[in-house]
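Residue numbers (this note's numbering): 177 to 270.
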(Lines of atoms letter the chains of each structure in order from A and count residues from 1; the text may use other names and numbers.)
(Lines give C-alpha, C1' and ligand atoms only; values in the text may rest on other atoms or scores of the structure.)
Protein backbone atom coordinates (compact mmCIF):
# COMPACT_ATOMS: atom_id res chain seq x y z
CA UNK A 1 0.00 0.00 0.00
CA UNK A 2 1.24 3.35 -1.00
CA UNK A 3 0.92 6.44 1.09
CA UNK A 4 -0.09 8.71 -1.76
CA UNK A 5 -3.27 10.71 -1.20
CA UNK A 6 -6.44 9.69 -2.99
CA UNK A 7 -6.95 13.24 -4.29
CA UNK A 8 -4.08 15.64 -4.76
CA UNK A 9 -4.18 19.28 -3.79
CA UNK A 10 -4.06 20.41 -7.40
CA UNK A 11 -7.03 18.15 -8.16
CA UNK A 12 -8.92 19.59 -5.19
CA UNK A 13 -8.08 23.12 -6.36
CA UNK A 14 -9.33 22.33 -9.88
CA UNK A 15 -12.57 20.90 -8.50
CA UNK A 16 -13.06 23.91 -6.24
CA UNK A 17 -12.46 26.34 -9.13
CA UNK A 18 -14.88 24.39 -11.30
CA UNK A 19 -17.52 24.54 -8.55
CA UNK A 20 -16.94 28.27 -8.10
CA UNK A 21 -17.22 28.83 -11.85
CA UNK A 22 -20.42 26.80 -11.97
CA UNK A 23 -21.86 28.70 -9.00
CA UNK A 24 -20.95 32.04 -10.63
CA UNK A 25 -22.61 31.01 -13.90
CA UNK A 26 -25.75 29.92 -12.03
CA UNK A 27 -25.80 33.19 -10.10
CA UNK A 28 -25.46 35.22 -13.31
CA UNK A 29 -28.21 33.20 -14.99
CA UNK A 30 -30.50 33.73 -11.99
CA UNK A 31 -29.65 37.44 -12.02
CA UNK A 32 -30.53 37.70 -15.72
CA UNK A 33 -33.87 35.98 -15.11
CA UNK A 34 -34.54 38.28 -12.14
CA UNK A 35 -33.75 41.41 -14.18
CA UNK A 36 -35.99 40.21 -16.99
CA UNK A 37 -38.87 39.68 -14.54
CA UNK A 38 -38.24 43.12 -13.01
CA UNK A 39 -38.40 44.74 -16.45
CA UNK A 40 -41.69 42.98 -17.19
CA UNK A 41 -43.13 44.05 -13.85
CA UNK A 42 -41.97 47.66 -14.26
CA UNK A 43 -43.41 47.84 -17.77
CA UNK A 44 -46.78 46.64 -16.46
CA UNK A 45 -46.77 49.27 -13.73
CA UNK A 46 -45.59 51.94 -16.17
CA UNK A 47 -48.56 51.13 -18.38
CA UNK A 48 -50.86 51.32 -15.35
CA UNK A 49 -49.43 54.72 -14.42
CA UNK A 50 -50.05 55.97 -17.94
CA UNK A 51 -53.66 54.79 -17.72
CA UNK A 52 -54.26 56.21 -14.25
CA UNK A 53 -52.47 59.51 -14.26
CA UNK A 54 -52.01 61.03 -10.82
CA UNK A 55 -54.34 63.85 -9.87
CA UNK A 56 -52.52 67.15 -10.04
CA UNK A 57 -55.49 69.45 -9.63
CA UNK A 58 -57.42 70.22 -6.48
CA UNK A 59 -60.61 72.13 -5.88
CA UNK A 60 -58.89 74.82 -3.88
CA UNK A 61 -56.24 75.47 -6.55
CA UNK A 62 -58.86 75.54 -9.30
CA UNK A 63 -60.99 77.91 -7.26
CA UNK A 64 -58.00 80.20 -6.69
CA UNK A 65 -57.29 80.25 -10.44
CA UNK A 66 -60.93 81.13 -11.18
CA UNK A 67 -60.83 83.90 -8.60
CA UNK A 68 -57.69 85.40 -10.15
CA UNK A 69 -59.15 85.11 -13.64
CA UNK A 70 -62.42 86.68 -12.49
CA UNK A 71 -60.71 89.62 -10.83
CA UNK A 72 -58.59 90.24 -13.94
CA UNK A 73 -61.68 90.15 -16.16
CA UNK A 74 -63.58 92.49 -13.83
CA UNK A 75 -60.71 94.98 -13.93
CA UNK A 76 -60.55 94.74 -17.72
CA UNK A 77 -64.32 95.36 -18.02
CA UNK A 78 -64.13 98.40 -15.74
CA UNK A 79 -61.18 99.78 -17.72
CA UNK A 80 -63.02 99.32 -21.02
CA UNK A 81 -66.16 101.00 -19.59
CA UNK A 82 -64.10 103.97 -18.41
CA UNK A 83 -62.54 104.32 -21.86
CA UNK A 84 -65.98 104.08 -23.45
CA UNK A 85 -67.29 106.83 -21.16
CA UNK A 86 -64.30 109.03 -22.02
CA UNK A 87 -64.90 108.50 -25.73
CA UNK A 88 -68.66 109.27 -25.41
CA UNK A 89 -67.93 112.46 -23.44
CA UNK A 90 -65.40 113.48 -26.07
CA UNK A 91 -67.93 112.88 -28.86
CA UNK A 92 -70.81 114.77 -27.18
CA UNK A 93 -68.87 117.77 -25.86
CA UNK A 94 -66.35 118.34 -28.61
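Using N, Cα and C, we set each Cβ at its ideal position, and we do this for glycine too. Because the structure is a prediction, the values reported are computed rather than measured.
Bounding residues of the alpha helix (DSSP H) (the contiguous stretch that carries residue i)
i	result
residue 247	235 to 269
residue 223	185 to 227
For residue j and residue i, the rounded distance between their alpha carbons
i	j	result
residue 217	residue 210	10 Å
residue 197	residue 191	10 Å
residue 252	residue 232	30 Å
residue 269	residue 254	22 Å
residue 195	residue 187	12 Å
residue 264	residue 256	12 Å
residue 229	residue 203	38 Å
Closest Cα partner of residue i within the set the options
i	options	result
residue 236	244, 230, 198	244
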